[in-house]
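Residue numbers (the UniProt record's numbering): 1 to 222. Report on the structure given below.
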Amino acid sequence: MDGINNFILSTAGSPWVYLGLLACCLIDGFFPPVPSESLVVALASLALSGAGVNIWLIIPAAALGAFLGDNLAYLLGRWIGTDRFGWMRTPKMRRSVAWARHELDKRSMSLILVARFIPVGRVVVNVTAGATGFPRRRFVALTAISGAVWAAYSVAIGAIAGAWFSEHHLLGVVVGVAGALILGLLIDRIITMVRGTSPGSQLPPGDAVPNAGEDKRTQKAA
């Protein structure tokens, strides 16, 4: 345990950590397997346990990375659409995209904010926003807010764990990451319970998911 703690301390103090964090959060905006939440929580935990990490640099790095990643997903949605590849045309994915489009029309602010806390959910919502012509300026403003809130939330979880386990850096990281994952699952479950339905089931029968080309033609005709 002491050897692992010493390794964590030696690597966490590097200034490159913040650049790596920004890059990780950016990539996670369109590639969910990259665990940006876990990294933010882990670094915040180390900051509060005296590992040489500056917590006031973690928040802006994570928020900026999240903002850039979400907007890159938006641009990918405008370019690719929602049905270019085979995996996008599966029934489950089409229902998810249809649900995201439906919710963007009804409650865009709360959807984009909440989706930031759900790894796959944020990608679906942001790509759909781009593919369906959601206003770019409004999307930029909403993702700036959601990125900052998400970063502050993740840092708070890690900071609490780091303060509780200041003598054992590895344990603080593990507890912080586990807590963030559990809270993320709870948020997802609560949303489902409040809505009383799963994604896509609120849509009218036969509701189709237009691709980017169809949306652009509709906008021109209007």
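The C-beta atom is built at its ideal place from N, Cα and C for all residues, glycine as well.
Buried/exposed call for residue i, threshold 16 Cβ in 10 Å
i: A70; result: The sequence shown places Asp at residue 70, not Ala. D70 comes out buried.
i: R116; result: buried
i: V123; result: buried
i: G200; result: Here G200 scores only 45 on pLDDT, less than 50, and its place in the model should not be relied on; the value that follows carries that caveat. With 16 or more Cβ atoms within 10 Å of its Cβ, G200 is classed as buried.
i: S14; result: exposed
i: T90; result: exposed
i: W99; result: buried
i: L19; result: exposed
i: R137; result: exposed
i: D105; result: exposed
i: G29; result: buried
Span of the alpha helix (DSSP H) around residue i
i: S14; result: Looking at the DSSP string, S14 is not in any alpha helix (DSSP H), and its letter there is neither H nor E.
i: V40; result: S36 to L48
Sub-8 Å separation of residue i and residue j beta-carbons
i: I58; j: V155; result: yes
i: L186; j: S146; result: no
i: G65; j: L26; result: yes
i: V40; j: L21; result: yes
i: S108; j: F134; result: yes
i: A159; j: A47; result: yes
i: A23; j: A151; result: no
i: S139; j: A129; result: Note on residue identity: the sequence assigns Phe, not Ser, to residue 139. Yes, the Cβ-Cβ distance between F139 and A129 is below 8 Å.
i: V127; j: A73; result: yes
i: A44; j: I55; result: yes
i: V125; j: L142; result: no
i: V120; j: P32; result: yes
Residue i: CB within 7 Å of a non-hydrogen atom of the ligand FMN
i: V40; result: By its list of ligands, the structure shown contains no ligand whatsoever, and the ligand FMN lies outside what it can speak to.
So within the segment 79 to 149, which uninterrupted alpha helix (DSSP H) runs reach at least 4 residues, ignoring any that extend past its ends? Runs found: 91 to 115 and 119 to 131.
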